[in-house]
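If you read the first sequence in this note's numbering, its first letter stands for residue 5, the second for the next number, and so on. Right, one structure below, let's go through it.
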Amino acid sequence: MEKTRTQLRVGYACVNTQLPSSARTLRLANVTPDRLRELIASNLDALETILRWNEAHGIAVFRLTSNLIPFGSHAANELAWWDEFAPRFAELGRLMQGMSISTHPGQYTVLSSVRPEVVDAAVAELAYHDRLLSAFRLDESHKIVLHAGPPERFAAGFERLTPGAAARLVLENDERWPLEPVLELAGELGVPVVFDVFHHELAPSFPGERTRDLVLRVSETWSSRQEVHFSTQAPGKRPGAHADALDVDAFRRFAAVVGDLPLDCVLEVKDKERSALRAQELLGYERGRRPSASAADLRSRR
DNA sequence: AGGTGTCAAGCGTCC
DNA sequence: GGACGCTTGACACCT
């Protein structure tokens, strides 16, 4: 009898709590080209440290912070940073080979806003995210995750994206936009969907359909490796608040039903890499495996 | 040196 | 009508 091998890979978002920040910034009033250069260099150095830590700990899933380039989509940043730092980006891009690297623009990025200037800013922000991923020479399988909005306005905004941003865009279900309408919108736009388990529980759709079947349903939107998000309710906090740390039992249950599927799972927890390591232990990873060495390494169990 | 109000930005929700 | 929360902290000024 062949043992079921895990294909589920786990990772975390933006911050490693043990390492320096890759999101240093400055106040708009203090922006100068040289200050921006200093901070970009510093943030790329910090990112390199995080990537090497991830590699040493066998973590192959990571979300880049939107603040890697200060004012990356703002007129105040006039640098051709992708050009100036091209060799450095290429260097870090090599460290990312074999990893799932994505981004997730913040709450200010509202592609479906009724205000034209807000849509302009969202288009610029998404162009920035694409430019960032492209600077690392990451192909279109490396995605930009965005929440949905009213379908008609969202589609109108989508039409205005740069080709690169459109090719990387994926939609995520949330409390306002449950999985069913998000799948419908994503189908119209021809983009994949990130299944967020926690948001789905808060705003369910497809009544009675089990988690595994939902993940499989969503998998049909992907032509590259599927990304999912996992988090749980923070005890005692308002509904929807993310727990500080991995809920081990809930994750074990999740892994029990989808662990054999080829998923890249971003854990959305405050304690970041600690929970990622805990999740890996539950999946039976060996500590210190190199994720880019081979796919077989990642799937190996104790 | 350490504490803390504020910072580019949106918008729905809750009080 | 104002504060809060989001995926998320760091800067900059004050004592």
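Glycine is no exception: its CB is placed at the ideal position from the N, C-alpha and C atoms. What you are looking at is a predicted structure, and each value in this text was computed from that prediction instead of being measured.
Query - Spatial neighbours of Phe344 in its chain, beta-carbon cut-off 8 Å, leaving aside the 5 residues before and after - result: The first residue shown for the chain is 5 and the last is 306, placing residue 344 beyond what the model contains.
Query raised in the report: Does the distance from the C-beta atom of Ser223 to that of Glu184 stay below 8 Å?
Result: no
Query raised in the report: If you draw a straight line from the C-alpha of Leu189 to the C-alpha of His246, how long is it?
Result: 26 Å
Report task. Please say whether Ser106 and Phe158 have beta carbons closer to each other than 8 Å? Result -> no
**Report entry** Segment limits, beta strand (DSSP E) that includes Phe234
**Finding:** 230-234
Requested in this report: Taking the CB atoms as reference points, tell me whether Ala64 and Gly102 lie closer together than 8 Å.
Outcome: yes
Report task. Kindly indicate which three-state DSSP category Tyr132 falls into: helix, strand or coil? Result -> helix
Query raised in the report: Contact between the region 33-43 and the region 67-80: three or more CB pairs below 8 Å?
Result: yes
**Report entry** Alpha carbon of Pro109 to alpha carbon of Leu137, nearest angstrom
**Finding:** 13 Å
Query - Start and end residues, alpha helix (DSSP H) containing Val270 - result: Not the alpha helix (DSSP H): Val270 falls in the beta strand (DSSP E), residues 267-271.
Query raised in the report: Taking one C-beta from the region 280-289 and one from the region 21-39 each time, how about it: are there three or more such pairs within less than 8 Å?
Result: no
**Report entry** Reduced DSSP secondary structure (H/G/I, E/B, other) of Gly15
**Finding:** strand
Query raised in the report: Quick one, which of Val122, Phe89, Val123, Val35 has its alpha-carbon nearest Ala80's?
Result: Val35
Requested in this report: Work out the CA separation of Leu173 and Leu271 for me, nearest whole Å.
Outcome: 20 Å
Report task. Compute the distance between the beta-carbons of Asp248 and Asp275, then report whether it is under 8 Å. Result -> yes
Report task. Can you tell me which of Gly161, Lys147, Leu150, Ala94 puts its alpha carbon nearest to the alpha carbon of Val123? Result -> Gly161
Query - Nearest residue (CA-CA) to Arg229, options Gly194, Ala128, Ser104 - result: Ser104
Query raised in the report: Who are the near neighbours of Leu250 in its chain, counting only those whose CB is closer than 7 Å to its CB and skipping five residues on each side?
Result: Leu271, Val273, Ser279, Arg282, Ala283
Report task. Grab me the residues of Leu150's own chain with a C-beta within less than 8 Å of its C-beta, minus the 5 sequence neighbours each way, in chain order. Result -> His108, Pro109, Thr113, Leu115, Leu130, Leu173, Val174, Leu175, Glu176
**Report entry** Three-state secondary structure (DSSP) of Thr21
**Finding:** coil
Query raised in the report: With distances taken between CB atoms, is the gap from Arg56 to Leu99 smaller than 8 Å?
Result: yes
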